[in-house]
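Residue numbers are given in the numbering used here: position 143 of the sequence shown equals residue 879, and the series is strictly consecutive.
Structure record follows, encoded as structure tokens.
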Amino acid sequence: MPNNDSTLREQLVTAMSGRESQIDFDSAVKDFPPDLRGAKPAGAPHSAWQLLEHMRIAQHDILEFSRDPNHQSPKWPEGYWPSTDAPPNAKAWDATVTAFRQDARELDKLVQDTRNDLFKPFAHGDGQTLLREVLLVATHNSYHLGQVMFLKKTLTAKT
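Shown next, in the form of structure tokens:
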């Protein structure tokens with residue numbers, strides 16, 4: 737008989753990775769042309785930079801909320817979005833990619849640690865559980881990674 741807890745934890749880590757039914761993070765950001773990271777095609781509400789930095793901020797906030805009862809979230813909504821369409825300098829994109837990956841690994845560790853009850857509400861929250869936070873990360877990132885891929889395909893088709 738399979739261990740349902742272990743199976744659920746493995747499936748959650750996979751869901752957060754986007755490796756199955758969605759696009760994975762590395763595929764979305766790989767080879768995104770540096771000169772197009774701040775571009776917005778007509779009608780697009782966000783640039784790839786804005787989406788990438790938004791995902792990093794939101795994922796980091798969820799990670800810290802899940803492991804630190806004293807964590808203070810950024811002010812909504814402005815604290816979750818960068819103030820510029822383009823990265824502020826040449827190294828910002830890579831720094832955000834690195835930070836996103838590090839936080840994703842930390843979330844994976846939280847999920848895989850069987851000492852963390854997936855279903856127990858956080859004492860410092862309003863009923864949120866680790867399961868809920870991880871599903872939020874998976875769906876939020878999936879949504880925005882789809883937008884990043886759309887931008888990548890749209891912007892590179894014109895060049």
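Where a beta carbon is used, it is the ideal one built from N, C-alpha and C, also for glycine.
Check whether residue i and residue j have beta carbons under 7 angstroms apart
i           : j           : result
residue 847 : residue 745 : yes
residue 768 : residue 888 : yes
residue 881 : residue 764 : yes
residue 752 : residue 873 : yes
residue 792 : residue 835 : yes
residue 796 : residue 839 : yes
residue 798 : residue 869 : yes
residue 749 : residue 844 : yes
residue 822 : residue 884 : no
residue 805 : residue 860 : yes
Whole-number beta carbon distance between residue j and residue i, since they are thought to touch under 8 angstroms
i           : j           : result
residue 854 : residue 867 : 4 angstroms
residue 812 : residue 786 : About 16 angstroms separates the two Cβ atoms, so there is no contact after all.
residue 754 : residue 852 : Going by Cβ atoms, the distance from residue 754 to residue 852 rounds to 22 angstroms, so no, they are not a contact pair.
residue 800 : residue 807 : 4 angstroms
(message) Suppose only complete runs of 4+ residues qualify. What are the alpha helix (DSSP H) ranges in the segment 758-795, listed by chain order?
(response) Within the segment 758-795, the complete alpha helix (DSSP H) runs of at least 4 residues fall at 761-765.
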